[in-house]
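One structure below.
Number of protein chains: 2
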Amino acid sequence: MTDAPGRGPYAKSAARRSEIITTATAVFGTHGYRGGSLRQIAKQLDLGLTTVMHHFPTKVSLLAAVLSQEDAADTDFLDRSARDGFIPTVLAIVERNIGRRELVRMFTVVQAEATHADHEAHAWLQERYASVIPDYRDAIEHDRSLGRLATTRDATMLADLVIGTWEGIQVRWLADGTDPVDGMRVALEALLEPIRR
Amino acid sequence: MTDAPGRGPYAKSAARRSEIITTATAVFGTHGYRGGSLRQIAKQLDLGLTTVMHHFPTKVSLLAAVLSQEDAADTDFLDRSARDGFIPTVLAIVERNIGRRELVRMFTVVQAEATHADHEAHAWLQERYASVIPDYRDAIEHDRSLGRLATTRDATMLADLVIGTWEGIQVRWLADGTDPVDGMRVALEALLEPIRR
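The listed protein sequences derive, respectively, from chains A and B.
Position in the first sequence (first residue = 1) + 578 = the numbering used here.
Position in the second sequence (first residue = 1) + 578 = the numbering used here.
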């Protein structure tokens, strides 16, 4: 983001905020949330710690901003799935994620830490499952009612498995670049049995 | 492990070593490898840092010991799979993992961090994929040749997907206790199409 002259202090503040979030994404993705620090983030940006703390007074407030980037991207999932079908919609997100590797890595590392009940992002992780799984279940049931999918398996179980498989495949891609779209397509077809027309 | 009297200094040293590995597993599973420290591990055990460093002079030498616990458990995979079938053998390990939650958590957290090419465990992660995937591929092909599996999908792709799915399902189980055996059974049946006899 370029900081055009004349955009005023608000625009400048928003640009600074966004740059802190980007750096925090990389730091949490490398050291984990627990291993990362505001000091480290300030240092990488060549900023004073007080400047960072002006925008994010605590590390946990910065974590919330970092994690909400991920969620904002997929708000229209159900509409897209109703239009294009569940499998193409998921594959489009897997493909888009290839271009946001450090965001996916941060998400993977923080999620692993956050499985601990006393982790700062544990409630976020629980809420995420509680919102994504019913959406995926509904999208799968909708596709089935339209005759797009032949599977007779329980839709909540399928939603669980799609999420689990996706996350596991992304770890592998982060580690050695194995194509996640190919793997995800094969897994989705095996689980959901699309009907070709 | 109890430290029976008369077992001598070697047994005592082995017990101490094993207790350090167990504590390091919990610390790395909570803070990640990068966020954990020998000092923290020593403190939790109420030991001096020099005692810990007598057994593990560097944090990375302790990481190697922690990670090798995981590998040691599955050395007879191919024999078991040839005897009992691939699906039952994988499900037995998923089930056994339920009793080693902190080991699985450590493995999940360190693996996520280790996707970074400059992480201390990155080479370990690459070697793990390089040894597990061909074993799983061979086990799947063997089952197919015996008429146990109907799938015609590429066996290397299937091996990749079994590992990815398994790891994703375990994250969910770590986070909220969702039964990993049930999910894994459904995923394996969808991917591998077992032939019932």
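Backbone N, C-alpha and C fix where the C-beta goes; we use that ideal spot for every residue, glycine too.
*Considering proline 712 of chain B, what are the terminal residues of the alpha helix (DSSP H) in which it resides?*
For proline 712 of chain B, the uninterrupted alpha helix (DSSP H) run begins and ends at 700 to 723, by DSSP.
*Taking Cβ positions only, does threonine 580 of chain B come closer than 8 Å to chain A?*
Summary for threonine 580 of chain B: the model assigns pLDDT 49, below 50, so the residue's position carries little reliability, and this model does not support an answer.
*Let me know the secondary structure DSSP gives leucine 727 of chain B once reduced to three states.*
Here leucine 727 of chain B sits in strand by DSSP.
*alanine 604 of chain A, enclosing alpha helix (DSSP H) - first and last residue*: 586 to 613 is the extent of the alpha helix (DSSP H) around alanine 604 of chain A.
*Say whether the stretch 599 to 610 of chain B touches the stretch 673 to 684 of chain B, bearing in mind that this needs 3 or more beta-carbon pairs closer than 8 Å, one atom from each stretch.*
The stretch 599 to 610 of chain B, when compared against the stretch 673 to 684 of chain B, does touch it at the 8 Å Cβ threshold.
*So, does the CB of leucine 752 of chain B fall closer than 8 Å to a CB anywhere in chain A?*
Taking Cβ atoms only, chain A reaches closer than 8 Å to leucine 752 of chain B, which makes this a yes.
*Pick out the complete alpha helix (DSSP H) segments inside the stretch 609 to 672 of chain A, 4 residues or longer, and give them in chain order.*
Qualifying alpha helix (DSSP H) stretches, in chain order: 616 to 623, 627 to 633, 637 to 650, 655 to 662.
*Who are the near neighbours of alanine 765 of chain A in its chain, counting only those whose CB is closer than 6 Å to its CB and skipping five residues on each side?*
These residues qualify, in order along the chain: Thr743.
*List the whole-angstrom C-beta distance separating alanine 620 of chain B from phenylalanine 634 of chain B, where the pair is believed to meet the contact cut-off of C-beta under 8 Å.*
Not confirmed; about 10 Å, so no contact.
*Considering only the beta carbon of each residue, do arginine 763 of chain A and threonine 756 of chain A sit closer than 8 Å?*
Cβ distance not < 8 Å, so arginine 763 of chain A and threonine 756 of chain A don't count as in contact.
*Using the beta-carbon of each residue, which ones in chain A are nearer than 7 Å to glycine 755 of chain B?*
Chain A residues near glycine 755 of chain B: none, gap ~10 Å exceeds 7 Å.
*Please look up how many angstroms separate the CB atoms of alanine 753 of chain B and threonine 693 of chain A, rounded, as I've assumed it's under 8 Å.*
The Cβ separation is near 4 Å, so the contact holds.
*Between which two residues does the alpha helix (DSSP H) harbouring alanine 765 of chain A extend?*
Boundaries of the alpha helix (DSSP H) around alanine 765 of chain A: 758 to 770.
*threonine 743 of chain B versus chain A: which residues are under 9 Å apart at the beta carbon?*
Neighbours of threonine 743 of chain B in chain A, taken as residues whose beta carbon is under 9 Å from its own, are Leu739, Gly742, Thr743, Gly746, Ile747, Ala765 in chain order.
*Secondary structure of glycine 677 of chain B, DSSP reduced to three states*: Looking at glycine 677 of chain B - three-state DSSP - the assignment turns out to be helix.
*Take arginine 715 of chain A as the anchor and find which of A:Phe655, A:Lys637, A:Val688 has the nearest alpha-carbon.*
Comparing Cα positions, the closest option is A:Phe655.
*At a Cβ threshold of 8 Å, is leucine 656 of chain B touching chain A?*
Contact with chain A is absent for leucine 656 of chain B, since none of that chain's Cβ atoms lies less than 8 Å from the residue's Cβ.
*Applying the criterion that 16 or more other CB atoms from any shown protein chain within 10 Å of the CB defines a buried residue, is glycine 586 of chain B buried or exposed?*
Answer is exposed; the Cβ neighbour count stays below 16.
*Name the chain B residues that come within less than 9 Å of glutamine 622 of chain A, Cβ to Cβ?*
Going along chain B, no residue has its Cβ under 9 Å from glutamine 622 of chain A, so there is no contact; the nearest lies around 15 Å.
_Cβ closer than 8 Å: which chain A residues qualify as neighbours of tyrosine 707 of chain B?_
Near tyrosine 707 of chain B (Cβ distances below 8 Å), the residues of chain A are Arg750, Ala753, Asp754.
*Buried or exposed for tyrosine 611 of chain A, please, with buried defined as at least 16 other CB atoms from any protein chain shown within 10 angstroms of its CB.*
Buried, since its Cβ has 16 or more Cβ neighbours within 10 Å.
*Closer than 7 Å by beta-carbon distance: list the chain B residues that pair up with alanine 690 of chain A, in chain order.*
Simply Thr686, Val687, Ala690, Val749.
*What did DSSP end up calling glycine 742 of chain A once you bin it into helix, strand or coil?*
Residue state, collapsed to three classes: helix.
*Can the beta-carbon of proline 772 of chain A be found closer than 8 Å to that of leucine 727 of chain A?*
A contact, by the Cβ cut-off of 8 Å.
_Pair within 8 Å by beta-carbon distance, phenylalanine 664 of chain A and isoleucine 718 of chain A_ = Going by C-beta atoms, phenylalanine 664 of chain A is nearer than 8 Å to isoleucine 718 of chain A.
*From valine 638 of chain B to glutamate 698 of chain B, what does the alpha carbon distance come to, in whole angstroms?*
Valine 638 of chain B and glutamate 698 of chain B have their C-alpha atoms some 7 Å from each other.
*Could you confirm whether any beta carbon from chain B is found closer than 8 Å to the beta carbon of alanine 768 of chain A?*
Closer than 8 Å to some Cβ of chain B, the Cβ of alanine 768 of chain A qualifies, so yes.
_Where aspartate 754 of chain A falls: helix, strand or coil (DSSP)_ = Residue state, collapsed to three classes: helix.
*asked:* Can you pull the chain B neighbours of glutamine 704 of chain A, defined as C-beta to C-beta under 9 Å?
replied: Residues of chain B passing the Cβ test: Ala753, Asp754.
*Determine the direct distance from the alpha carbon of glutamine 622 of chain B to that of leucine 625 of chain A, and round the result to whole angstroms.*
Roughly 35 Å separates the two Cα atoms.
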